[in-house]
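K.L.:
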Amino acid sequence: MAEPPHTGTQRDRKPATRMARALASPGGVLIILPALVIAAGVSVLLLGRSATRETAETMARHQLVAQASAVEHDVAFSLEQSAPVLATMKTLADVAMPIPDALTRLHDAMLKRPGVYNATIAFPVGATWGAYFDDDGHLRVLESSVGPGGTRVNYEVKNGQLVEIKRLPNTYDPRTRPYYETAVKEGKRTWLPPRVFSSSGKTGLTVTEPVFGRDNKLEAVISIDYDVAELSTFLHNAPNE
5 MAEPPHTGTQ RDRKPATRMA RALASPGGVL IILPALVIAA GVSVLLLGRS ATRETAETMA
65 RHQLVAQASA VEHDVAFSLE QSAPVLATMK TLADVAMPIP DALTRLHDAM LKRPGVYNAT
125 IAFPVGATWG AYFDDDGHLR VLESSVGPGG TRVNYEVKNG QLVEIKRLPN TYDPRTRPYY
185 ETAVKEGKRT WLPPRVFSSS GKTGLTVTEP VFGRDNKLEA VISIDYDVAE LSTFLHNAPN
245 E
């Protein structure tokens, strides 16, 4: 009796059966197991690289934010040094005050102020009192007057006393300077745009403020100059907390 003809399904099962048996054999296991290990390793590696990259990017962002915050803090700290100096200068904005007292107090107010290199009290009569750092980094004070016989006298402060260093004819009139004109025009504390100071060649910032008497009469204009280079040095050396 003839055997029934083989169907397609029956023919297809033999290769599949042989493959299943081959994979289930000890030899098949030896082939499959390393392949699975390699596949798992590749997956872990790819996932690890992705996680590492994301972690690195996250850490970099956090570091940049932290650094930006630190710089912002240092800049704000340095620029805020003008507030107590300006407050002291307001108390000195009296042309009738004895000059030695005014200049020694202005000198003391300027000490240990990062980036601050010049402070000026200018009066409507054209007289000026100031404190500044010279080219050698020494803190000096000065007084000047304008008009016929106008002079500028530079001093150093030793043991609370003024010691004259130099006396020169003076042609500097603060009333014609941008910081004075801006303070009078704005009528309030104002920051000027960055500029190069003509007297020193330094690049810096200036904060200026008018001082009015009880009758709203202008008593003086006070100003502070910041040296950008000194600010940069302070920011570079400032400890990050």
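What the sequence shown shows, in my numbering, is residues 5 to 245, in sequence order.
Glycine included, every Cβ here is placed at the ideal spot set by N, Cα and C.
Would you list the one or two residues that DSSP bridges to arginine 117?
P.N.:
Looking at the DSSP assignment, arginine 117 forms no beta bridge with any residue, so it has no partner.
K.L.:
Hey, could you find the ends of the alpha helix (DSSP H) proline 182 is sitting in?
P.N.:
182-190 is the span of the alpha helix (DSSP H), which, as asked, contains proline 182.
K.L.:
Check this for me: beta carbons of threonine 186 and threonine 207, under 8 Å apart or not?
P.N.:
Taking 8 Å as the Cβ cut-off, threonine 186 and threonine 207 do not qualify as a contacting pair.
K.L.:
Please determine, among Gly151, Val145, Asp219, Leu172, the residue with the shortest C-alpha to C-alpha distance to glycine 164.
P.N.:
When only C-alpha atoms are compared, the closest one is Val145.
K.L.:
Which word fits phenylalanine 216, buried or exposed, when buried means at least 16 other C-beta atoms lie within 10 angstroms of its C-beta?
P.N.:
Under this definition phenylalanine 216 is an exposed residue.
K.L.:
Do the CB positions of arginine 193 and glycine 130 come within less than 8 Å of each other?
P.N.:
It is not a contact, given that the beta carbons lie outside the stated cut-off.
K.L.:
Could you check the C-alpha separation between valine 232 and aspartate 219 for me, to the nearest Å?
P.N.:
Their backbone Cα atoms lie some 37 Å apart in a straight line.
K.L.:
Residues in its own chain within less than 7 Å of aspartate 138 by CB, not counting five upstream and five downstream?
P.N.:
Contacts found: Arg144.
K.L.:
Using a Cβ-Cβ cut-off of 8 Å (strictly less than) and excluding sequence neighbours within five positions of tyrosine 176, which residues of its own chain qualify?
P.N.:
Contacts found: Thr132, Ser148, Val150, Arg156.
K.L.:
Which same chain residues end up closer than 7 Å to alanine 97 when comparing Cβ atoms and leaving out the 5 residues on each side of it in sequence?
P.N.:
Only Ile125, Val215, Glu223, Ala224, Ile226 meet the Cβ criterion.
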